[in-house]
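In what follows, a single structure is set out as structure tokens and then discussed.
Residue numbers (UniProt numbering), protein chains in the order written: chain A, 1 to 593; chain B, 1 to 473.
Put into structure tokens, the structure is as follows:
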């Protein structure tokens, strides 16, 4: 009996559980039927186990572990109190510290994210607070005239905060967006000068133009050109077959050029087949509903593009959002979702799809494809990669994020991308296995109801893709890819060295530079324009409230001299607005282009 | 010691307290004890052990990505290919020039050299792509110019341009209608509008096709519900979504009655003019022009530029109060690259043409449509033709459906192939039947073009008669 008592405390409850499990495994094998009942069965097994555990503990007359604690001498209440107090203080200090300076859990080499100081964080909210306060006071005395003509007694068309935000925040800075240009969106653009006579309510053109270096357009490989082979080919096609088909692909909208384009895209991506559409946004919105339906599970990155979000919403699939570019979080959520099934019906999912982007257009980050592929294979999920920004712009052959990581294209189940960016055209594609594409050909909404792609646009894609692939016999494509890659490395390193906080991966041509405050965004954009640089500012609601930023999109058309000029101006304006937020040590070694 | 005394005193007080008080205290003490000792209920989800999770993961066999890939001989995998230009005649690879009654370019704008020239001239200065959304340097003066021209053309304050015809109405409707709102829609609206309604998450009420009486009945029903809950009614926006000429039936919308209902029941009228733009009204402005209804009666007018206008993209016009909202809330506008400038330039030219010769163009297309309608009326005893005489879109449907859409469609496809042999290219109207809200009966869609001659109309009639006789007997 004594020996028994000595041993028993070491037998942990878990061990007893495993004993129970062994006795149960046979049972679980016999009930390992597939289908919806699995979960219920598993639940029963667990409850069995618990009862077994109790039974074992009871039958072998093991003394209750609680009894043993009486043998030990109790410490005084005073000591116990201080023990807890000391833990409490430690935890409190920890919480406070991490509240103000959150720990970055990202791996350093993959993607560096430096966070701003708590003071900056405070000023962000303060600046919004001041803007809102002024807005409320103003609207209290001068209520906005939102009355419509001819619609008396109607329920207002717009209500709530959104229009307040538009009137009081967006209106003040709206001259930073929707700027019109009157030239090809190449390395340099002619910006049409504008002025506002009434504090942003209306904006008028002065009729003058400003020549600016363009770091706003998504012209990654510099194919936005009004001369050269792409332009000539597009002109020829326009004269040959016109500018429109006025018919969807199912009817009379399929031209020779569309078939040619699709086989070229498939060859470029190294997949079996591809299908193309007239608009990139619609490629996501109109095809996701054909691929997914109720009962399907979707794991979607939190910063996915609006078109993906809308497409997923229309599809009726259950969407779970994981932290941006965080494979651990994805794996955790995917695993849990698969194990526990549909949260309402408890049925197993029909299929699970991971939806990510190649390069995130606001973050500049590149998706962690190798890890995604590993997770997808481990959990039998499918992978949908939206390469809208990465196709052409990443990888030594311009093959996007797949090429960049050297992943087998077959590991990505659904390749999606657009032709707007690197190819200087418009439209989008989906590529993958023959079955997938055939399925889309007969079920995609865009195939049936939307007019097919305009022939000159298709020709622009074909010609630029041929150049990128080097099929034209020149090294021009290779040169552009290398130029872009060098530009990106140089520009990003220089910005960091100057002391700006720059998000995203070192090879990403999308370079977000954090400014945090709404007034700084507008001042930065305006000042840069004065100095001949056209950049893009982004703030809430396109980013988080605390994520206001400038975004530079680099291009193969930029020369080193242009980059140096941009950097010089950015540095100057950075001093004007005191935006050198980075507090990390910088090496002052000169950076090679 | 004072504290001890207090404890003693309160103990004494407790002894003197009544039984009810004691009972209450007792219950409270028990409650506290229960709260402390009660086992935390395990969360609803029973945690599984690692091994069980692994078993489940191993057991889960998802469906293939494409559960039922279409058979390789599926007709829609082998769509016809157009060689060369799809103008009034079209070459489908046989070398024979077929009369094109399938492309939806009613006004033959694609064959006007000045439109092509405008596109090429713009190509010379702007290249092809715009390389960005409208917000981020994707706006060129060409886009602004086209928007301004469209607004003036329709006598409206503002216009907004989309880069894809399908996305125009699919984005415009959900920019306004949100969950909790009610949308009254014709049961035969086109698919793009249906997608827009779905994206809005509003309550959708379909009324019988082109039947204002039925709409009135539904509105009356709603008025009774509203009277019971005026608070809610005052927060519910009501929309009416119709087409000028219905793409799926070819009927002309009964706009005057609808406008009357709009006023009476305070609905917001959204009008899709994709077919009627350029084909109705003395100024070719569409259905409002046709019934001489001022634009102020319509809240938002949406149209594709891909049909009669022979371009790419789409637009919305209306008051700036309504339309400008889309610049921040129209998803297809904000988050999509803008229309390639050269295509916008071509559309400007089309607006030029419509302004100059719109009246005669409308006259011609309506004359041709009427002629065609009459020619096709007595095609075959087993088919009928639907749609208004004025409408450039005609649907030929079987009188007696076999009850199975696939079968009917197969029959009609045979007719289409036969018609090709007789020198006419027509098409079966393509639908995704399982996705349509109210799937229409299969039909052959005939598109009338402005340039058709009387002889060509006769050819069409003869060819279709022969084709139907060959197939249906």
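Just so it is clear, CB atoms sit at the ideal spot from N, CA and C, and this is done for glycine as well.
Residue-chain proximity (residue i, chain A), Cβ-Cβ < 8 Å
i              : result
residue 399(B) : no
residue 173(B) : no
residue 199(B) : yes
residue 235(B) : yes
residue 152(B) : no
residue 321(B) : yes
residue 474(B) : In the structure as shown, chain B starts at 1 and stops at 473, and residue 474(B) therefore has no counterpart that could be examined.
residue 128(B) : yes
residue 134(B) : yes
residue 144(B) : yes
residue 208(B) : no
residue 131(B) : yes
residue 459(B) : no
CB contact below 8 Å: residue i versus chain B
i              : result
residue 254(A) : yes
residue 544(A) : no
residue 262(A) : no
residue 244(A) : yes
residue 349(A) : yes
residue 109(A) : The pLDDT assigned to residue 109(A) is 40, lower than 50, so where the model puts this residue is not dependable; a value taken from the coordinates is nonetheless given after this. So, not an interface residue.
residue 224(A) : yes
residue 148(A) : yes
residue 483(A) : no
Other residues of its chain near residue i: CB distance less than 7 Å, five sequence neighbours each side excluded
i              : result
residue 266(A) : 272, 273, 274 and 431
residue 401(B) : 408 and 441
residue 471(B) : 411, 414, 415 and 418
residue 121(A) : 546
Whether residue i touches residue j by CB criterion (8 Å)
i              : j              : result
residue 128(B) : residue 457(A) : yes
residue 395(A) : residue 403(A) : yes
residue 342(A) : residue 295(A) : yes
residue 154(B) : residue 362(B) : no
residue 209(B) : residue 187(B) : yes
residue 358(A) : residue 400(A) : yes
residue 203(A) : residue 196(A) : yes
residue 283(B) : residue 359(B) : yes
residue 299(B) : residue 192(A) : no
Cutoff 8 Å; reference residue i; Cβ partners in own chain excluding five residues on either side
i              : result
residue 584(A) : 114
Contact set between residue i and chain C, taken where Cβ atoms lie within less than 7 Å
i              : result
residue 430(B) : Here the protein chains are A and B, and chain C is not one of them.
Beta-carbon contacts of residue i that lie in its chain and below 6 Å, excluding the five residues immediately before and after
i              : result
residue 238(A) : 456
residue 317(A) : 292, 296 and 298
residue 176(A) : 522, 525 and 537
residue 257(A) : 455 and 458
residue 437(B) : 194
residue 170(B) : 192, 195 and 196
(message) Just to confirm the assignment: which complete alpha helix (DSSP H) runs, minimum length 4, are found wholly within the segment 240 to 303 of chain B?
(response) The segment 240 to 303 of chain B contains these whole alpha helix (DSSP H) runs: 255 to 265 and 287 to 290.
(message) List, from N- to C-terminal side, the alpha helix (DSSP H) runs of 4 residues or more that fit wholly inside the segment 186 to 239 of chain B.
(response) Correct list: 191 to 200, 212 to 228 and 230 to 233.
(request) Any chance you could list the alpha helix (DSSP H) runs of at least 4 consecutive residues sitting entirely within the segment 51 to 100 of chain B, in chain order? (result) If we require 4 residues or more, the segment 51 to 100 of chain B turns out to have no alpha helix (DSSP H) run fully inside it.
(message) Along the segment 84 to 95 of chain B, where does the CB come closer than 7 Å to a CB of chain A? Name the residues.
(response) Contact residues of the segment 84 to 95 of chain B toward chain A are 84, 85, 86 and 90 (C-beta to C-beta distance below 7 Å).
(request) Could you run through the segment 462 to 473 of chain B and flag, in chain order, every residue whose CB is less than 7 Å away from some CB of chain A? (result) Within the segment 462 to 473 of chain B, no residue qualifies.
(request) Enumerate, from N- to C-terminal direction, the unbroken beta strand (DSSP E) stretches of 3 or more residues contained entirely within the segment 361 to 431 of chain A. (result) If you keep only unbroken beta strand (DSSP E) runs of at least 3 residues inside the segment 361 to 431 of chain A, you get 382 to 386 and 414 to 418.
(request) Compile a chain-ordered list of the residues in the segment 342 to 374 of chain B whose CB is closer than 9 Å to at least one CB of chain A. (result) Correct list: 342, 343 and 346.
(message) Using a Cβ-Cβ cutoff of 8 Å, what residues of the segment 168 to 195 of chain B are near chain A? List them in chain order.
(response) If the cut-off is 8 Å between Cβ atoms, the segment 168 to 195 of chain B has 170, 176, 190, 191, 192 and 195 near chain A.
(request) Output the residue ranges of the beta strand (DSSP E) runs that lie fully inside the segment 427 to 492 of chain A and measure 3 residues or longer, sorted by chain position. (result) Counting whole runs of 3 or more residues, the segment 427 to 492 of chain A contains the beta strand (DSSP E) stretches 428 to 432.
(message) Short of 7 Å Cβ to Cβ, which residues in the segment 103 to 125 of chain B face chain A?
(response) Within the segment 103 to 125 of chain B, the residues whose Cβ lies closer than 7 Å to some Cβ of chain A are 103, 104, 105, 110, 116, 119, 120, 123, 124 and 125, listed in chain order.
(request) Identify each residue in the segment 304 to 335 of chain A for which the Cβ-Cβ distance to at least one residue of chain B is less than 8 Å, and report them in chain order. (result) From the segment 304 to 335 of chain A, only 305, 306, 307, 310, 313, 314 and 335 have a Cβ closer than 8 Å to chain B.
(message) Residues of the segment 167 to 181 of chain A in Cβ contact with chain B at a cutoff of 9 Å, in chain order, please.
(response) Residues of the segment 167 to 181 of chain A that bring their beta carbon within less than 9 Å of a beta carbon in chain B comprise 170, 177, 178, 179, 180 and 181, in sequence order.
(message) Give me the subset of the segment 269 to 303 of chain B whose CB atoms are less than 9 Å from a CB atom of chain A, sorted by chain position.
(response) The residues in question are 296, 297 and 299.
(request) Return the residues of the segment 275 to 294 of chain A that lie within a Cβ-Cβ distance of less than 9 Å from chain B, sorted by chain order. (result) Of all residues in the segment 275 to 294 of chain A, 277, 278, 279, 280, 281, 282, 285, 286, 289, 290 and 291 have a Cβ within less than 9 Å of some Cβ in chain B.
(message) Quick check for students: name the residue ranges of the alpha helix (DSSP H) that lie wholly in the segment 113 to 201 of chain B, counting only runs of 4 or more.
(response) Within the segment 113 to 201 of chain B, the runs of alpha helix (DSSP H) at least 4 residues long that lie entirely inside it are, in chain order, 113 to 126, 141 to 153, 165 to 176 and 191 to 200.
(message) Threshold first: 3 residues or longer. Then list the beta strand (DSSP E) segments lying entirely within the segment 506 to 553 of chain A, N to C.
(response) Listed in chain order, they are 510 to 516, 536 to 538 and 548 to 553.
(message) What are the residues in the segment 408 to 427 of chain A lying within 8 Å of chain B by C-beta distance?
(response) Residues of the segment 408 to 427 of chain A with a C-beta atom less than 8 Å from some C-beta of chain B are 413, 414, 418, 419, 420, 421, 423, 424, 425 and 426, listed in chain order.
(request) Using a Cβ-Cβ cut-off of less than 8 Å, list which residues of the segment 230 to 242 of chain A approach chain B; keep chain order. (result) Per Cβ criterion, the list reads 230, 231, 234, 235, 238, 239, 240, 241 and 242.
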